[in-house]
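See below for the structure under consideration.
Numbering (UniProt numbering), first residue to last: 1 to 506.
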């Protein structure tokens, strides 16, 4: 691998920890790290209660003077002093002080914990007959604030703690191949988890280090699998990730059992690539020591489809109401810019392979077919690009001036809210494919067409137009197999960021 200098393996010479290799944090340091997270949560809860109090006693009484009466801050503190303790207990119940989770998984658990805390608090107020003396509006406003502030404060606080070295946790990866490098990239993206890769182990003597572009450095391969005990003893690392799916099952079991007594955690990346892992259920038969993985097709469930449709309908109606003035302005701009209708209606493939009329704002000239044929005929590079992406990146002769602006910010897709309300589309889902693309979809079509196409989706937040056609098919299939309501919410939030940053748009 380029940029990697030759490094002697531990099997060739005694291992000496390099200055860049971190030692395992002591019990005191781990306690300090957890204490800092608790303090961050207390800060977020305190700010939430202060904002909720201000909204309840300063904003609402001025808007609705006959309905809301002002309360003293001291009386509010006396009646709800215990609320932060309940929230902390629920966060601990969700193991948010014991586990290091990817950010959006952590946000999901925070939402569950805060909802549980508020539900418990309201029940407690009723059971103790204190509900009349305590503002229920204040409790609800506090919940609304903490579900936003705790994730934000945790995110910013953990990044600072990582820089300070308090939240860092060294990890050793066994396997420097594709899977090990995939794990490295995943940990690079999830900075708030705080994992610091001190090195790899691999039996391939040709691999001396692994380039880490995100950190602009090379991570050394410290030895072979047989040197694991020696490396663990020298570095005092307490977190091991085994990322060697090609390892024989017997050797994997032996290696895991060998390392488990030496460290706190051994994490194994199984050779299950391609399976839908979201919501997978694990069953264990103790008598036979057999493990059963229950892999579900989540969108085959009537309940899940009902939940998804209800969410689409409520959120779609709200979005259409809020965007109505913008829709009128865009329609007027299109009519002033070029001849033709404001809306462009095109046949697309929907759920089950049925076709439907997909609504978009017109971004092209009405004679677009003639323009593109003429352009591709005289431009070989554009022709190759068209064959790869079914789109043109830099220049498309069919697109109008207003059209370029609409596409840049994905505003041309706003009329698809009508498709969502009608029931042809979903807010989040696979890309709405053209009927002529059915053959190219080949065997992927069966999985993709289980779901309704979406205004946005996994492809939209993963590079959009930078991803080729085959890549889009894989992403859409993964989405359908791993659907959850929380995944839809996360993708909608990520879409806002992608649109604002104009990532992959042209």
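In this text, a Cβ means the ideal position worked out from N, Cα and C, and glycines have one as well.
DSSP-derived helix/strand/coil call for residue 321 = Here residue 321 is taken as the residue at index 321 of the chain shown, counted from 1. Annotated three-state conformation of residue 321 is helix, per DSSP.
inquiry  = Output needed for residue 502: all residues of its chain with C-beta closer than 8 Å, excluding positions within five of it in sequence on either side, in chain order.
reply    = For the purposes of this step, residue 502 is identified with residue 502 of the chain shown, where counting begins at 1. So the list reads 408 and 409, once near-sequence residues are dropped.
task = Note down the Cα distance separating residue 422 from residue 341, rounded to an integer number of angstroms.
result = Along the chain shown, one-based indexing puts residue 422 at 422. Along the chain shown, one-based indexing puts residue 341 at 341. Straight-line spacing of the CA atoms in residue 422 and residue 341 works out to 21 Å.
message = Pop quiz: residue 361 and residue 334 are said to be a contact at Cβ under 8 Å. What is the actual Cβ separation, rounded to whole angstroms?
response = One-based indexing of the chain shown puts residue 361 at position 361. One-based indexing of the chain shown puts residue 334 at position 334. About 6 Å separates the two Cβ atoms, so the contact holds.
request  = Give the secondary structure of residue 525 by DSSP, where H, G and I count as helix, E and B as strand, and everything else as coil.
outcome  = Residue coverage of the chain in this structure runs from 1 to 506, which leaves residue 525 outside it and unanswerable.
ask   = Of all the CB atoms in chain B, is at least one closer than 8 Å to the CB of residue 342?
value = In the structure shown, chain B cannot be found, because there is only a single protein chain.
request  = State buried or exposed for residue 154, treating a residue as buried only when at least 16 other CB atoms are found within 10 Å of its CB.
outcome  = For the purposes of this step, residue 154 is identified with residue 154 of the chain shown, where counting begins at 1. Buried is the call here.
message = Please report the straight-line C-alpha distance between residue 452 and residue 406, rounded to a whole angstrom.
response = What you label residue 452 is simply residue 452 of the chain shown in a count that begins at 1. What you label residue 406 is simply residue 406 of the chain shown in a count that begins at 1. Between residue 452 and residue 406, the C-alpha separation is close to 24 Å.
query = Expressed to the nearest angstrom, what Euclidean distance is found between the alpha-carbon atoms of residue 363 and residue 414?
reply = Translated into positions along the chain shown, residue 363 becomes position 363. Translated into positions along the chain shown, residue 414 becomes position 414. Whole-angstrom Cα-Cα distance: 12 Å.
query = Which runs of the beta strand (DSSP E) spanning at least 3 residues fall entirely within the stretch 325-355, listed in chain order?
reply = Within the stretch 325-355, the runs of beta strand (DSSP E) that reach at least 3 residues and sit entirely inside it are, in chain order, 343-349.
ask   = With which residues is residue 361 paired in a DSSP beta bridge?
value = The count along the chain shown starts at 1 and reaches residue 361 at position 361. In DSSP, residue 361 forms a bridge with 343.
ask   = By the 10 Å Cβ neighbour count, where 16 or more other Cβ atoms means buried, how is residue 175 classified, buried or exposed?
value = As a position in the chain shown, residue 175 is number 175, starting the count at 1. Taking a 10 Å sphere around the C-beta of residue 175, we find 16 or more other C-beta atoms and assign the residue as buried.
query = What residue ranges within the stretch 168-199 form continuous alpha helix (DSSP H) runs of no fewer than 4 residues, ordered along the chain?
reply = Uninterrupted alpha helix (DSSP H) stretches at least 4 residues long and entirely within the stretch 168-199 occur at 178-189, given in chain order.
task = Return the CA-CA distance between residue 195 and residue 168, expressed in angstroms with no decimal places.
result = In the chain shown, counting from the first residue as 1, residue 195 sits at position 195. In the chain shown, counting from the first residue as 1, residue 168 sits at position 168. Looking at the two C-alpha atoms, the distance is approximately 6 Å.
ask   = For residue 501, does the three-state DSSP call read helix, strand or coil?
value = Position 501 of the chain shown, counted from the start, is the residue given in the question as residue 501. Note: residue 501 maps to helix in three-state DSSP.
message = Residues in the same chain with beta-carbon distance under 6 Å from residue 245, minus the five sequence neighbours each way, listed in chain order, please.
response = Sequence index remark: in the chain shown, residue 245 carries index 245 (1-based). Once the five neighbours on either side are set aside, the close Cβ partners of residue 245 are 179 and 271.
query = Among 429, 326 and 450, which has the Cα closest to the Cα of residue 472?
reply = In the chain shown, the residue the question calls residue 472 occupies position 472. Selected option, being the one with the closest Cα: 429.
Rounded straight-line distance, which links the Cα of residue 498 to that of residue 396 = Here residue 396 refers to the residue found at position 396 of the chain shown. Here residue 498 refers to the residue found at position 498 of the chain shown. Put simply, the backbone Cα of residue 396 is about 22 Å away from that of residue 498.
inquiry  = Rounded to whole angstroms, what is the Cα-Cα separation between residue 268 and residue 470?
reply    = Counted from its first residue, the chain shown places residue 268 at position 268. Counted from its first residue, the chain shown places residue 470 at position 470. Annotation: residue 268 to residue 470 spans about 29 Å, alpha carbon to alpha carbon.
query = Do you know whose CA, among 118, 103 and 281, lies nearest residue 187's CA?
reply = Position 187 of the chain shown holds residue 187. If we check each option's Cα against that of residue 187, 103 comes out closest.
ask   = Of all the options 284, 285, 230 and 278, which has the alpha carbon lying nearest to the alpha carbon of residue 258?
value = The sequence position of residue 258 within the chain shown is 258, counting from 1. Each of 284, 285, 230 and 278 was checked against the Cα of residue 258, and the nearest Cα belongs to 230.
ask   = Of all the options 411, 297 and 234, which has the alpha carbon lying nearest to the alpha carbon of residue 281?
value = Taking the first residue of the chain shown as position 1, residue 281 is located at position 281. Ranking the options by Cα distance to residue 281, first place goes to 297.
task = With a 10 Å radius around its C-beta and 16 neighbouring C-beta atoms as the bar for buried, classify residue 374 as buried or exposed.
result = On the chain shown, position 374 is the one that residue 374 refers to. It is exposed - the Cβ of residue 374 has fewer than 16 other Cβ atoms within 10 Å.
request  = Would you mind sorting residue 290 into buried or exposed? The rule is 16 or more other CB atoms within 10 Å of its CB.
outcome  = Along the chain shown, read from residue 1 onward, the residue named residue 290 stands at position 290. Residue 290 should be labelled exposed.
query = Measuring CA to CA, which of 443, 366 and 355 is closest to residue 339?
reply = The residue labelled residue 339 in the question sits at position 339 within the chain shown. The candidate whose alpha carbon is nearest that of residue 339 is 366.
ask   = Considering residue 220, what are the terminal residues of the beta strand (DSSP E) in which it resides?
value = Position 220 of the chain shown, counted from the start, is the residue given in the question as residue 220. Segment 217-223, the beta strand (DSSP E) holding residue 220.
ask   = At what residues does the beta strand (DSSP E) containing residue 427 begin and finish?
value = Taking the chain shown and counting its residues from 1, one reaches residue 427 at position 427. Per DSSP, residue 427 is one residue of the beta strand (DSSP E) stretching across 426-428.
key: Any non-hydrogen atom of the ligand FAD closer than 7 Å to residue 376 Cβ   = For the structure depicted, the ligand FAD is absent and the ligand set is empty, with no information on it obtainable.
task = In the DSSP assignment, find the unbroken alpha helix (DSSP H) run with residue 403 in it and report its ends.
result = Counting from one through the chain shown, the residue named residue 403 turns up at place 403. Unbroken alpha helix (DSSP H) run through residue 403: 401-408.
message = Using C-beta distances below 8 Å, list every residue in its chain close to residue 444, excluding the 5 sequence neighbours before and after it, in chain order.
response = By one-based count along the chain shown, residue 444 stands at place 444. Same-chain partners within the cutoff: 473, 474, 476 and 477.
message = Per DSSP, what are the beta-bridge partners of residue 267 in this structure?
response = Taking the chain shown and counting its residues from 1, one reaches residue 267 at position 267. Paired residues: 241.
key: Closest residue to residue 110 among 124, 89, 126 and 122 (Cα-Cα distance)   = On the chain shown, residue 110 is found 110 positions in, with the first residue counted as 1. Nearest of 124, 89, 126 and 122 to residue 110, Cα basis: 89.
ask   = Quick one: Cα of residue 87 to Cα of residue 118, how far?
value = Position 87 of the chain shown, counted from the start, is the residue given in the question as residue 87. Position 118 of the chain shown, counted from the start, is the residue given in the question as residue 118. If I take the Cα positions, the gap works out to 8 Å.
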